[in-house]
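Quick notes on the structure that follows.
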Amino acid sequence: MISILIACSIGLPWVGALLVWLIGDKHEKVQHWTSILFSLAAGAAAVLMLWNTTGDAGLTIKMGGIFGDFTFIPDGLGVFLAVIATVIGSLAVIFSTSYMKGETQIGRYYAFVLFFIGAMVGLVLTSNIMLMFLFWEITALCSYALIAFHNDDPKAVRGGIKALIITSIGGVGLLLGALILFVYTGSFDIRLFIADHSAVPAGMMAVLAFGFLIAAAAKSAQFPFQTWLPDAMEAPSPISALIHAATMVNAGVYLLARFFPAFKDVLYWREAVMIVGMLSALLAAIMALTSTDLKRVLAYSTVSQLGYMVYAVGAGSVFASQFHLFSHSIFKALLFLGAGAVIHSVGTRDMTKMGGVGKHMPFVKWVFIIGALALSGIPILNGFWSKELVLEAGLAGGPSWIYAVMVLVAGLTALYTIRCVWMVFFGEARSDYHAHKVELAMKVALAPLALAALVSWLAVGPFSQLLGEATLPQHNIETLSLASMFHEVLSIPTLIALIGIAIGIALWLLRSKLAGFIEGLKSLQWAAEHSFGFEAVNSAVVRVTNGLAETLRNTQTGLLNWNVLGILAALIILLAAIILGA
Amino acid sequence: MWYVLIAVGILVFAILAISAKRLLISAIWLAITSALTALMLFLLGAPQIAVIELSVGAGLVTVLFVFAINIAGEEVIGLRSALPLPLVWTSIVLACGLLIFFIFRSLGFVQFPDATNTIAASVLWQDRYLDFLLQTVLILAGVLGVIGLLAHSKDEHSAEEKA
Amino acid sequence: MNLPIPFIVLLAVISLAGTGFYCLLFTRNLIKVVVALQLIVKGVVLAFVLAGHLQQNESLAQTMAITVIVADTIVAVIGLSLAVQIRQHTGSLDLKALSKLKR
Numbered sequence: 000m001i002s003i004l005i006a007c008s009i010g011l012p013w014v015g016a017l018l019v020w021l022i023g024d025k026h027e028k029v030q031h032w033t034s035i036l037f038s039l040a041a042g043a044a045a046v047l048m049l050w051n052t053t054g055d056a057g058l059t060i061k062m063g064g065i066f067g068d069f070t071f072i073p074d075g076l077g078v079f080l081a082v083i084a085t086v087i088g089s090l091a092v093i094f095s096t097s098y099m100k101g102e103t104q105i106g107r108y109y110a111f112v113l114f115f116i117g118a119m120v121g122l123v124l125t126s127n128i129m130l131m132f133l134f135w136e137i138t139a140l141c142s143y144a145l146i147a148f149h150n151d152d153p154k155a156v157r158g159g160i161k162a163l164i165i166t167s168i169g170g171v172g173l174l175l176g177a178l179i180l181f182v183y184t185g186s187f188d189i190r191l192f193i194a195d196h197s198a199v200p201a202g203m204m205a206v207l208a209f210g211f212l213i214a215a216a217a218k219s220a221q222f223p224f225q226t227w228l229p230d231a232m233e234a235p236s237p238i239s240a241l242i243h244a245a246t247m248v249n250a251g252v253y254l255l256a257r258f259f260p261a262f263k264d265v266l267y268w269r270e271a272v273m274i275v276g277m278l279s280a281l282l283a284a285i286m287a288l289t290s291t292d293l294k295r296v297l298a299y300s301t302v303s304q305l306g307y308m309v310y311a312v313g314a315g316s317v318f319a320s321q322f323h324l325f326s327h328s329i330f331k332a333l334l335f336l337g338a339g340a341v342i343h344s345v346g347t348r349d350m351t352k353m354g355g356v357g358k359h360m361p362f363v364k365w366v367f368i369i370g371a372l373a374l375s376g377i378p379i380l381n382g383f384w385s386k387e388l389v390l391e392a393g394l395a396g397g398p399s400w401i402y403a404v405m406v407l408v409a410g411l412t413a414l415y416t417i418r419c420v421w422m423v424f425f426g427e428a429r430s431d432y433h434a435h436k437v438e439l440a441m442k443v444a445l446a447p448l449a450l451a452a453l454v455s456w457l458a459v460g461p462f463s464q465l466l467g468e469a470t471l472p473q474h475n476i477e478t479l480s481l482a483s484m485f486h487e488v489l490s491i492p493t494l495i496a497l498i499g500i501a502i503g504i505a506l507w508l509l510r511s512k513l514a515g516f517i518e519g520l521k522s523l524q525w526a527a528e529h530s531f532g533f534e535a536v537n538s539a540v541v542r543v544t545n546g547l548a549e550t551l552r553n554t555q556t557g558l559l560n561w562n563v564l565g566i567l568a569a570l571i572i573l574l575a576a577i578i579l580g581a
Numbered sequence: 000m001w002y003v004l005i006a007v008g009i010l011v012f013a014i015l016a017i018s019a020k021r022l023l024i025s026a027i028w029l030a031i032t033s034a035l036t037a038l039m040l041f042l043l044g045a046p047q048i049a050v051i052e053l054s055v056g057a058g059l060v061t062v063l064f065v066f067a068i069n070i071a072g073e074e075v076i077g078l079r080s081a082l083p084l085p086l087v088w089t090s091i092v093l094a095c096g097l098l099i100f101f102i103f104r105s106l107g108f109v110q111f112p113d114a115t116n117t118i119a120a121s122v123l124w125q126d127r128y129l130d131f132l133l134q135t136v137l138i139l140a141g142v143l144g145v146i147g148l149l150a151h152s153k154d155e156h157s158a159e160e161k162a
Numbered sequence: 000m001n002l003p004i005p006f007i008v009l010l011a012v013i014s015l016a017g018t019g020f021y022c023l024l025f026t027r028n029l030i031k032v033v034v035a036l037q038l039i040v041k042g043v044v045l046a047f048v049l050a051g052h053l054q055q056n057e058s059l060a061q062t063m064a065i066t067v068i069v070a071d072t073i074v075a076v077i078g079l080s081l082a083v084q085i086r087q088h089t090g091s092l093d094l095k096a097l098s099k100l101k102r
């Protein structure tokens, strides 16, 4: 039963991708419906897995001696992320039917979206690290292809290439980890490694742990790789919602959470993780404060919130990080899809040209405000509970100065969120735009997300059970009931955090009286717009990679004879080596 | 003695096949080379492979060649190589020389078993499910490729008709 | 001449592969490329069968040989149909004329 569900949730989107591509762009309607059908079917399969979680292999494909078995384990952590990927994937596909209507080459778009959904499910369910690396790279490829979907726009192509190169650097970290794992344990099985990592010596363990931290930071756009995510915003909005908010960028956090039991004793690893999370959260929040591009603000806030999750893992609470991931996936997908509806309707991403959009699109305004309140951490939305749990965990498991910075970031979050909402939906129109009507498919995708942002925190009990001992024996996650969450969250530190958030909001409301303070921020703004210098570093990496590729291109003559000569030369070298060696 | 004759024949006809000016002639020399290879396989005690090589290599593929050459048409392309000739010769001589040296040195003591193993045939198709799977996939790939190519040309025809 | 049989067969293998490689290095005709590939693969099949014979492991070697023949036939089919398509598109079978990768 469970093996069929696993096969369905990975395989159905891939079959769908193939079908959409084969149907061809002449039948746009059929393509829309095929993608909806297959993504919903995968979503149903993933949701059914919730009742069938197990810590043992759910599906094993024998692959002989070299790569080990391809094993998929539907444990709580994996199934939860698979559900997020498929359900939010389905909603993004439904949203796309209206957002992408009339675009050319819609088949390419849907094929990559579906291919991505399947790969993401595979990434979180597999327990073979080689296979995980494969899925990891597939998601990076899909992300690249979808960022650069409008491939006649050089900005989009540049953003895509940048995302691909930076995430591939992370992939190298993962591959290195996989090889070290194999050298010392003789298998690629993650589960065995986490259960017993005594075979790996301490020094190698440190290399492994920090290698995975780099991989995770690159994938999740954390410090110092945080600059690819804003540039990825050239992608169509449903893609930003799905890949760059709800799923792929979470893969890094997932990696850290998955390996936390093995790495937690590595010297300074937890501190490094917490500092990476803190710097990402802080820098991205400041950048979000000064940006005027609606989607870039949301991208920065994604980096910032991912910083919270990474921080929680470092502080030792995998549960808090995953619970925040759960809330964040919902409200950030909601915000991105809402922003997509606004952009689709107004025709620009520049917030300085918006203003007063709320009058034309009341439905979008209200769901966006729900998402924004959840992002700011206002009670009683899901973002409030999960963020407070993260902060509690940080206070308990990490130094208090990092905690103080994170509370400050919570205040900044409230400030930039209210600024964003205000600039888009309230005030007077600052340019001559014509808002279109919001279509039904958009509403169908937005409504469940808004509802979930309001109530998803009620599921904390079942959620903690899902991540509990039954399927994740090494993670030591205790079951947390709703009542005990109330007890834990409603305490003095929460009050401090709420005061921080209130100050953030107050700063915005009093902005006219605080002109001097804002002037002081101007110098910060310049630095923030340049990503505090890290943009230069990241761009340099991309430039060097591209330059190397261009140089190597000269070796590709495109003439078969030269290629054959290369093969023959390899044969000669091989023979000579054998003869000389023997 | 037979072996020597066949080996020399293979070399001669292979050279003829690659040096023939006309493609059609080249295809025919290739078919003869294939037939000689099949004969050698048969002498080596692999009659099944020999039959397959004869029917597929000398038969089917030759038909395909003739077919393709008929459609594509003969074309005399300048004999000037894209690579510098000394490079070609050096690498070929080096590779073949090394191979021959290698064989003479490492296989000098191997005894050639003359009794052929007859139970091979029954083992052949029973133990090797993987190969069957692989071949099915390969054939599928071939069929898909041909369908793709044909579908493409059909589109073109309809486009030409419209124009 | 009194060479052992394996040497003679191996010389046949080398002559097939050698002529094939020479043709691949030298020719600019797309159909000739397929001819050359055929020659090389014939050598490979012969080598497989001989190796099986020498190792007394005929079943494995012969199934491998069959797999190689099947794969090669498909390569020939695809290669030839590609050649036909390319000829119809560009009017030429010359590899040099087809090379568009250069800037």
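If you read the sequences in order, they're chains A, B and C. Counting from 0, one number per residue, gives the positions in the first sequence under numbering that gives the first Met the number 0. Counting from 0, one number per residue, gives the positions in the second sequence under numbering that gives the first Met the number 0. Counting from 0, one number per residue, gives the positions in the third sequence under numbering that gives the first Met the number 0. Idealized CB from N, CA, C, for every residue including glycine.
- Here DSSP, grouped into helix, strand and coil, assigns residue 93 of chain C to strand.
- Residue pairing by DSSP places residue 544 of chain A in no beta bridge whatsoever.
- In this structure, residue 544 of chain A lies away from residue 137 of chain A, with their beta-carbon atoms at least 9 Å apart.
- The C-alpha of residue 157 of chain A is placed about 51 Å away from the C-alpha of residue 45 of chain C.
- Residue 28 of chain C is bridged by DSSP to C/93.
- The beta carbon of residue 45 of chain C sits closer than 9 Å to some beta carbon of chain B.
- Here residue 53 of chain B is actually not in contact with residue 5 of chain B; their C-beta atoms are around 14 Å apart, not less than 8 Å.
- Of the candidates A/171, A/488 and A/73, the residue whose Cα lies closest to the Cα of residue 456 of chain A is A/488.
- Looking at the backbone, the Cα of residue 36 of chain C and that of residue 217 of chain A are separated by about 44 Å.
- Identification of chain A residues near residue 103 of chain B by a Cβ-Cβ cut-off of 9 Å yields none; the smallest Cβ-Cβ distance measures about 11 Å.
- Assigned with DSSP and collapsed to three states, residue 58 of chain A falls in strand.
- Between residue 275 of chain A and residue 248 of chain A, the C-beta spacing is not below 9 Å.
- Taking a C-beta distance under 9 Å as the contact criterion, residue 330 of chain A and residue 452 of chain A qualify as a contact pair.
- For the pair residue 32 of chain B and residue 48 of chain B, the CB atoms are not nearer than the 9 Å cut-off.
- If you look at residue 41 of chain B, you'll find it isn't in any beta strand (DSSP E); it sits in the alpha helix (DSSP H) that goes 22 to 42.
- Secondary structure remark: continuous alpha helix (DSSP H) runs of at least 4 residues inside the stretch 39 to 121 of chain A, in chain order: 75 to 98.
- Residues 12, 15, 16 and 19 of the same chain have their beta carbon placed closer than 7 Å to that of residue 28 of chain B, with the five preceding and five following residues left out of the count.
- Burial check for residue 491 of chain A: the Cβ neighbour count within 10 Å stays below 16, so the residue is exposed.
- Cβ atoms of residue 80 of chain A and residue 123 of chain A come within 8 Å of each other, at about 4 Å.
- Contacts with chain A at 9 Å (Cβ-Cβ) include residue 27 of chain C.
- Residue 187 of chain A is a Cβ neighbour of residue 66 of chain A, given a cutoff of 9 Å.
- Contacts between residue 93 of chain B and chain A, judged by CB atoms closer than 7 Å, involve 571 in chain order.
- By the criterion of a C-beta distance shorter than 6 Å, residue 145 of chain A is surrounded in its chain by 111, 234 and 238, once the five residues flanking it on both sides are discounted.
- Residue 151 of chain A sits in coil when the DSSP states are folded into three classes, being neither helix nor strand.
- According to the DSSP secondary-structure assignment, residue 127 of chain A is paired through a beta bridge with A/188.
- Taking 8 Å as the Cβ-Cβ cut-off, the stretch 545 to 564 of chain A approaches chain B at 558, 560, 561 and 564, given in chain order.
- Chain A has no Cβ within less than 9 Å of the Cβ of residue 41 of chain C.
- Less than 9 Å divides the Cβ of residue 297 of chain A from the Cβ of residue 334 of chain A.
- Residue pairing of residue 349 of chain A in beta bridges, as defined by DSSP: A/292.
- The C-alpha of residue 63 of chain B is placed about 36 Å away from the C-alpha of residue 553 of chain A.
- For residue 552 of chain A, no alpha helix (DSSP H) encloses it, and the DSSP letter there is neither H nor E.
- Within 9 Å of the CB of residue 21 of chain A, no CB atom of chain B is found; the nearest one sits about 11 Å away.
- Residue 139 of chain B has a beta carbon lying at 9 Å or more from every beta carbon in chain A.
- A/440 is the residue among A/565, A/320, A/440 and A/420 whose C-alpha sits nearest the C-alpha of residue 100 of chain A.
- In the DSSP assignment, residue 257 of chain A falls within the unbroken alpha helix (DSSP H) covering 249 to 262.
- At least one beta carbon of chain A lies nearer than 9 Å to the beta carbon of residue 90 of chain B.
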